[in-house]
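Read through the structure below, which is laid out as structure tokens, and then see the notes.
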Amino acid sequence: MNKTYKRTAVFLCTALLFSFAGCSKDEPQMMNTTVSVETCAVSRGSLSASSTYIGTISAEGTASVVSLVSGTVEHVAVSMGDTVSAGDLLCSFDDESASLTLQSALASYESAKASLGSAREGYNSAQKGYDSAVANHGGEDMSIIEDQVRTAKENYEATKALFDIGAASRLEVDQALQTYNTAKAGLDAAKNSLSATAANIESARAGVEAAEAGVQAAEVGVASAEYQLSLYRITSPISGTVESVNVISDNFTPSGTVAFVISNADNKTVTFYVTDEVMKNIAVGQAVTVSARNAEYSGTVSEISGIVDPQTGLFRIKALINDAKELPDGLSVSVTTISDNAENSIIVPSDALYFDNGTAYVYTVSDNTARRTDVSVSLYTKEQTAISGGLSDGDIIITSWSEALKNGSPLNIVNQPESSSDTGGEAAQ
Numbered sequence: 017m018n019k020t021y022k023r024t025a026v027f028l029c030t031a032l033l034f035s036f037a038g039c040s041k042d043e044p045q046m047m048n049t050t051v052s053v054e055t056c057a058v059s060r061g062s063l064s065a066s067s068t069y070i071g072t073i074s075a076e077g078t079a080s081v082v083s084l085v086s087g088t089v090e091h092v093a094v095s096m097g098d099t100v101s102a103g104d105l106l107c108s109f110d111d112e113s114a115s116l117t118l119q120s121a122l123a124s125y126e127s128a129k130a131s132l133g134s135a136r137e138g139y140n141s142a143q144k145g146y147d148s149a150v151a152n153h154g155g156e157d158m159s160i161i162e163d164q165v166r167t168a169k170e171n172y173e174a175t176k177a178l179f180d181i182g183a184a185s186r187l188e189v190d191q192a193l194q195t196y197n198t199a200k201a202g203l204d205a206a207k208n209s210l211s212a213t214a215a216n217i218e219s220a221r222a223g224v225e226a227a228e229a230g231v232q233a234a235e236v237g238v239a240s241a242e243y244q245l246s247l248y249r250i251t252s253p254i255s256g257t258v259e260s261v262n263v264i265s266d267n268f269t270p271s272g273t274v275a276f277v278i279s280n281a282d283n284k285t286v287t288f289y290v291t292d293e294v295m296k297n298i299a300v301g302q303a304v305t306v307s308a309r310n311a312e313y314s315g316t317v318s319e320i321s322g323i324v325d326p327q328t329g330l331f332r333i334k335a336l337i338n339d340a341k342e343l344p345d346g347l348s349v350s351v352t353t354i355s356d357n358a359e360n361s362i363i364v365p366s367d368a369l370y371f372d373n374g375t376a377y378v379y380t381v382s383d384n385t386a387r388r389t390d391v392s393v394s395l396y397t398k399e400q401t402a403i404s405g406g407l408s409d410g411d412i413i414i415t416s417w418s419e420a421l422k423n424g425s426p427l428n429i430v431n432q433p434e435s436s437s438d439t440g441g442e443a444a445q
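With positions in the sequence shown counted from 1, the corresponding number in the numbering used here is that position plus 16.
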């Protein structure tokens, strides 16, 4: 090799090295898809929503206290002419049957919780079985098995071709076929194992969802039984004087009886109308706030009509207003009271909620990864939302918003979620 050729070769090698170095500088960097988020642990609580209605003031200062249950009066706590305060006991009924109903509802609730625990254990077991199957047959191992099957098949076909030209024996062909069949059987077994464990996961998940629905139904049963039991104690909706007593101890009183009449000349009545759905959430003795003439007045619901008003198509509600003598009859006022409740529900910040074609969902955290979780909303307010399905106590949800947040996004959690105690709130709708 002459000197000129050597210099040319060195020059070309040096140029190539600089060229490669330049390519390395321009090589695109991998994008970091990790999303920084804030989280919280969900917990159970109560949530209520208030609504405002237009009411009319009247001079009625009398509350007719109606029995909402039938039964034997066990104790009459007041006599005609007695002075009572709002919330004082007027009488009580024999509540043995209602107490037994509540005990049965509580037992059903405990049974439903136990079933949910078993269902979750079954799901965890199925998940472990699937993870084990994936570890044994999935991912890279599955690729290795598939490669082994392809190699065995190619070897068998090559050996058979050699046999056809007399270059291989029948024994070698049979051995190659046996190796191929064994590899193929192993691949089929691996696929069947993964398929079976995946089916177990889906079945276990369906079991958990059914058990969660059972717990929710049992919770409703308990709440209903507690409400029914509360009706066996009649309390005064207002402060005033007992004008009449229409029940007698140890005597049967049918539902709908005007058991007591309480009067207070200092009070006035506001009448307003609500829908059937709201009427179910209003109770005698419930607090109301009346706004009129740049002032507010407190009061309590004194009467709930069980018949639809023919003119409005709504249900009439009356409430007694305290210290409102200056309000003239016929004055239109604003009446605010609780119109919806969600008891013993999972409570989440409303900002954590997303909607997709009418379906509500949140992002939960699993192994530092965002998981879309569809939820059922029972009550929504500006600040908080009550969830009736889709989440469990202690689940970690993402509370901060990010445009990059997607299902499966890797996460950087910037705060440490703490298990919060029972929460409750009230918001205006």
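Cβ coordinates follow ideal geometry from the N, Cα and C atoms, glycine included.
These figures come from a predicted structure and were not determined experimentally.
Rounded to the nearest whole angstrom, the CA to CA distance from threonine 385 to glycine 202 is 33 Å. Counting C-beta pairs with one atom in each stretch, the region 89-97 and the region 61-73 have fewer than three that are closer than 8 Å, which means they do not touch. Look at glutamine 191 here: in three-state DSSP terms it is helix. Three or more beta-carbon pairs separated by less than 8 Å are not found between the region 361-379 and the region 324-342, which leaves the two stretches without contact. Cβ contact annotation for aspartate 345 (same chain, cutoff 7 Å, sequence separation greater than five): Ile73, Ser74 and Ala75, in chain order. Residue burial annotation: aspartate 147 is exposed, with fewer than 16 other C-beta atoms found within 10 angstroms of its C-beta. Two segments are said to touch when three or more pairs of C-beta atoms, one from each, lie closer than 8 Å; by this definition the region 212-222 touches the region 125-142. Secondary structure of alanine 233 (DSSP, three-state): helix. In the DSSP annotation of this structure, valine 324 is not part of any alpha helix (DSSP H); the continuous beta strand (DSSP E) holding it starts and ends at 311-324. Residue environment for glutamine 400: buried (at least 16 other C-beta atoms within 10 angstroms of its C-beta). Take the alpha-carbon of threonine 175 and the one of asparagine 197: they are about 15 Å apart.
Fully enclosed beta strand (DSSP E) runs of no fewer than 3 residues occupy 331-337 of the region 323-360, in order along the chain.
Residue environment for aspartate 383: exposed (fewer than 16 other C-beta atoms within 10 angstroms of its C-beta). In this structure, DSSP gives lysine 129 a helical state, which the three-state scheme calls helix.
Checking the DSSP bridge columns, you'll see alanine 376 partnered with Phe371. In terms of Cβ geometry, serine 404 and serine 418 do not form a close pair [threshold 8 Å].
If the five residues before and after valine 391 are omitted, its C-beta is found closer than 7 Å to the C-beta atoms of Ala376, Tyr377, Val378, Ile403, Gly405, Gly406 and Leu407, all from its own chain and listed in chain order. Judged by DSSP secondary structure, valine 294 falls within the alpha helix (DSSP H) whose first and last residues are 292-295. With respect to asparagine 338, tyrosine 313 sits close: the two C-beta atoms are nearer than 8 Å.
Between the alpha carbons of alanine 121 and glycine 237 lies a distance of about 6 Å.
Restricting attention to Ala358, Ser255 and Ala311, the CA atom closest to the CA of valine 317 is found in Ser255. About 15 Å separates the beta carbon of isoleucine 323 from that of isoleucine 298, a gap too long to meet the 8 Å contact definition. DSSP, reduced to helix, strand and coil, places serine 366 within a helical segment of the structure shown. Ranking Lys296, Thr380 and Val258 by CA distance to the CA of leucine 106 puts Val258 first. Cα atoms of glutamine 194 and glycine 145: separation of roughly 31 Å, rounded to the nearest angstrom. In this structure, the alpha-carbon of alanine 214 lies about 15 Å from that of aspartate 204. Annotation: the continuous beta strand (DSSP E) that includes aspartate 390 extends over 385-390. Runs of alpha helix (DSSP H) with 4 or more residues, each lying fully within the region 257-308, are found at 292-295, listed in chain order.
No residue range can be given for valine 430, since it is assigned to no beta strand (DSSP E) and is classified by DSSP as neither H nor E. Residue Ser86 holds the alpha-carbon nearest to the alpha-carbon of serine 271 among Thr78, Glu359 and Ser86. Relative to the Cα of proline 253, the nearest Cα in the group Leu336, Asn262, Glu293 and Lys207 belongs to Leu336. The beta-carbon distance between glutamate 54 and valine 430, rounded to whole angstroms, is 6 Å. This is short enough to meet the 8 Å contact definition. The DSSP-derived three-state label of alanine 222 is helix.
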